[in-house]
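Numbering (my numbering), first residue to last: 9 to 278. Comments concern the structure below.
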Ligand SMILES: [Zn+2]
Ligand SMILES: [Zn+2]
């Protein structure tokens, strides 16, 4: 049985809608056995992340103590390629949200459709394959640089591409770039997040990563964990049932989640 848990959540201390306390209360009501907060950490390229790591950590620990014995609360961080941490966390999600275009601009990958279109047009001269190479190349670099426990939203570059709006995701050249990077980051230990955040926002009908990448990850013996990239407590479990179905179809026999006790990660049979 797959127990309910979520490793990828944001609160008002970064760009989320709800307080840490409210999210934990709702998570408890939804029957989660564990919950991880993963605020956006500080970054060298802008001031997007949480203002004070100490304040964030103290609040998560305070709420964790409130729920001790009922639901395990973990202190995590979502660390961008440009991110850094000044305190230790229980776990870290690693992510790529920015690409350096040929125009010298540091473009946001997932901010808005307009920003994405500008990045493709002005940053990469309309060459989607060049953009994909830059993105996946940076995902590999991020894993080497940050050594995250979990790789977040692996193919975030597809966020605004539902229906192949900007580029063809089934193009063998694109798929080769995406799968090659996936092979490079699979070390048998690192978890790949199955992220339903874009479903929660009505942006996509499928989780990240897409099916071919998930199937390849399974062939490589990789492990997966669910996250909803939750910015709204009501969507803590958004898309999870469908994601579990997708994992079964991809041949996975188990899924990992944040632990209920001392162990950071635990495995549930699918
Ligand atoms: Zn992210
Ligand atoms: Zn996130």
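Each residue gets a CB set at the ideal place from its N, CA and C atoms; glycine is no exception.
Given residue 45 as reference, the closest of 55, 53 and 28 once Cα atoms are compared: Numbered from 1 along the chain shown, position 37 holds the residue referred to as residue 45. Residue 45 has its Cα closest to that of 28, out of 55, 53 and 28.
Is the closest heavy atom of ligand 1 to the C-beta of residue 277 under 7 Å? Position 269 of the chain shown, counting from 1, holds the residue named residue 277. Outside the cutoff, so no.
Do residue 228 and residue 194 have their C-beta atoms closer together than 8 Å? For the purposes of this step, residue 228 is identified with residue 220 of the chain shown, where counting begins at 1. For the purposes of this step, residue 194 is identified with residue 186 of the chain shown, where counting begins at 1. Between residue 228 and residue 194, the gap from beta carbon to beta carbon is short of 8 Å.
Assuming the contact rule is C-beta atoms closer than 8 Å, residue 80 and residue 276 should be a hit. Round their C-beta distance to whole Å, please. Reading the chain shown from its first residue, position 72 is the one you call residue 80. Reading the chain shown from its first residue, position 268 is the one you call residue 276. In fact, because the Cβ distance is near 15 Å, the residues do not count as touching under 8 Å.
Between residue 30 and residue 19, what straight-line distance do the alpha-carbon atoms span, to the nearest angstrom? The residue given as residue 30 occupies position 22 in the chain shown. The residue given as residue 19 occupies position 11 in the chain shown. In this structure, the CA atom of residue 30 is about 9 Å from the CA atom of residue 19.
I'd like to know if residue 168 contacts chain B, where contact means its C-beta is closer than 8 Å to some C-beta of that chain. In the structure shown, chain B cannot be found, because there is only a single protein chain.
Any non-hydrogen atom of ligand 2 closer than 7 Å to residue 237 Cβ: Here residue 237 refers to the residue found at position 229 when the chain shown is read from its first residue. The answer is yes for residue 237.
Quick check on this structure: which residue in 186, 199, 226 and 49 has the alpha carbon closest to the alpha carbon of residue 59? Locating residue 59 in the chain shown gives position 51, counting from the first residue. Selected option, being the one with the closest Cα: 49.
With H, G and I counted as helix, E and B as strand and the rest as coil, what does DSSP make of residue 68? The residue given as residue 68 occupies position 60 in the chain shown. Helix.
Opening and closing residue of the beta strand (DSSP E) in which residue 115 lies: Numbered from 1 along the chain shown, position 107 holds the residue referred to as residue 115. Where residue 115 is concerned, the enclosing beta strand (DSSP E) stretches over 114–116.
Residue from 177, 136 and 253 with nearest C-alpha to residue 221: Counted from its first residue, the chain shown places residue 221 at position 213. The shortest Cα separation from residue 221 among 177, 136 and 253 belongs to 177.
Buried or exposed for residue 94, going by 16 or more other Cβ atoms inside 10 Å? Within the chain shown, numbered from 1, the residue matching residue 94 stands at position 86. So residue 94 ends up on the exposed side.
If you pair each beta-carbon of the segment 68–76 with each one of the segment 260–273, do three or more pairs fall below 8 Å? The segment 68–76 is not in contact with the segment 260–273.
With 16 as the cutoff for other CB atoms within 10 Å, does residue 150 come out buried or exposed? For the purposes of this step, residue 150 is identified with residue 142 of the chain shown, where counting begins at 1. Answer is buried; the Cβ neighbour count reaches 16.
Indicate, with yes or no, if ligand 2 has a heavy atom lying under 7 Å from the CB of residue 13. Stepping through the chain shown from its first residue, residue 13 is reached at position 5. Flag unset: Cβ of residue 13 not near ligand 2.
Rounded C-beta distance between residue 238 and residue 17? I'm assuming under 8 Å. Position 230 of the chain shown holds residue 238. Position 9 of the chain shown holds residue 17. The distance from the Cβ of residue 238 to that of residue 17 is about 4 Å, consistent with a contact at the 8 Å cut-off.
Exposure label - residue 100; buried when at least 16 CB within 10 Å: For the purposes of this step, residue 100 is taken as residue 92 along the chain shown, with counting starting at 1. Buried, since its Cβ has 16 or more Cβ neighbours within 10 Å.
So for residue 194, helix, strand or coil by DSSP? As a working note, residue 194 is residue 186 in the chain shown. Three-state result, residue 194: coil.
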